[in-house]
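Undergrad: Numbering (the UniProt record's numbering), first residue to last: 1 to 299.
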Ligand SMILES: *Cc1c(COP(=O)(O)O)cnc(C)c1O
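1) Tell me the DSSP bridge mates of residue 62?
2) What residue does the alpha helix (DSSP H) around residue 169 start on, and which one ends it?
3) Which two residues bound the contiguous alpha helix (DSSP H) that contains residue 214?
4) Can you give the Cα-Cα distance for residue 166 and residue 214, rounded to whole angstroms?
5) Against chain D, with Cβ distances strictly below 8 Å, would residue 280 count as a contact?
6) Would you call residue 148 buried or exposed, if buried means 16 or more other Cβ atoms sit within 10 Å of its Cβ?
7) Thinking C-beta only, is residue 182 closer than 8 Å to residue 208?
8) Run the CB neighbour count on residue 187, radius 10 Å, all protein chains shown included, and call it buried at 16 or more, exposed below.
9) Roughly how many angstroms separate the alpha carbons of residue 191 and residue 220, rounded to a whole number?
10) Please state whether DSSP places residue 176 in a helix, a strand or coil.
11) Measuring straight from C-alpha to C-alpha, what distance separates residue 79 and residue 15?
12) Between the C-alpha atoms of residue 238 and residue 160, what's the straight-line distance to the nearest angstrom?
13) What is the rounded straight-line gap between the Cα of residue 226 and the Cα of residue 261?
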């Protein structure tokens, strides 16, 4: 499986700017065209566990635009496992890009009401059509100990001990928890939640961490740009400027917001001179698919 993926690369971008800090980007977006970014790291330990239990089908949960759904569909397809997606809300007349891609990878989709989704109940129809014994259930967004374990490997792909600050976009916080787990005591891990008022995240991330790591991270609450998948002209301008400087594409749901936050802090001189920043590019470029062509100078 790992042969499907390329070794993640670190791009140094400091020379494109005049900040007195080192700025590097860990390019997880280049890992794989579909199972891009952090999603593979979050999935891999669950897949191992499913195989160890001789399960043949992975079942998971997500919305119509969930990167986790596509990544699960693609990863299981490549590995030769079946997949089931429990999707929040009614089946749309025009399936999203995400759901079409998941279907193309053979994922069987079941649509449930928002209420049913909240309870994470699996529709009865699933068990009428599949042997319950064959199914391994993966939590939404890969949230859980195995997701954290997989995500902690992100920092072990390259030499990362040298960095003073590690910054990453946050959805469920599973990836951030993995980074915190793998970080050294002198490193600061900074998360940028992309959901509005997601204050329960602090606790949800702490629940994934050991006692001594409980306070080893910081969340920046002011960079959600109105909420999940919401954006402003400022954000899109930043993404275009960032691409113009560095040649690195970002997405409007996650990495655009995280990198905007990083540069906002750099401009406000929040990092001591000489700090060495590692920005995690978690992938997710398909998040730009909803934009009108030409809005971004890349795609
Ligand atoms: C899913 C996703 C995240 C958030 O990961 P969590 O582990 O849920 O916090 C960040 N960036 C991208 C590109 C993603 O697709």
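For each residue, glycine too, the CB sits at the ideal point set by N, CA and C.
TA: According to the data block:
1) DSSP, once it has assigned bridges, lists 87 as partnering residue 62.
2) Taken as a continuous stretch (DSSP letters only), residue 169 belongs to no alpha helix (DSSP H), being part of the beta strand (DSSP E) at 165 to 170.
3) Where residue 214 is concerned, there is no enclosing alpha helix (DSSP H), because DSSP gives it neither an H nor an E.
4) Going by the C-alpha atoms only, they are around 16 Å apart.
5) In summary, chain D is missing from the structure at hand, where a single protein chain is found.
6) Buried, because 16 or more other Cβ atoms sit within 10 Å of the Cβ of residue 148.
7) Cβ distance not < 8 Å, so residue 208 and residue 182 don't count as in contact.
8) In this structure residue 187 is buried. Its beta-carbon is surrounded by 16 or more other beta-carbon atoms within 10 angstroms.
9) Taking the straight line from one Cα to the other gives about 6 Å.
10) Looking at residue 176 - three-state DSSP - the assignment turns out to be helix.
11) Roughly 41 Å separates the two Cα atoms.
12) Rounded to whole angstroms, residue 238 to residue 160 spans 26 Å at the Cα level.
13) Roughly 14 Å between the two C-alpha positions.
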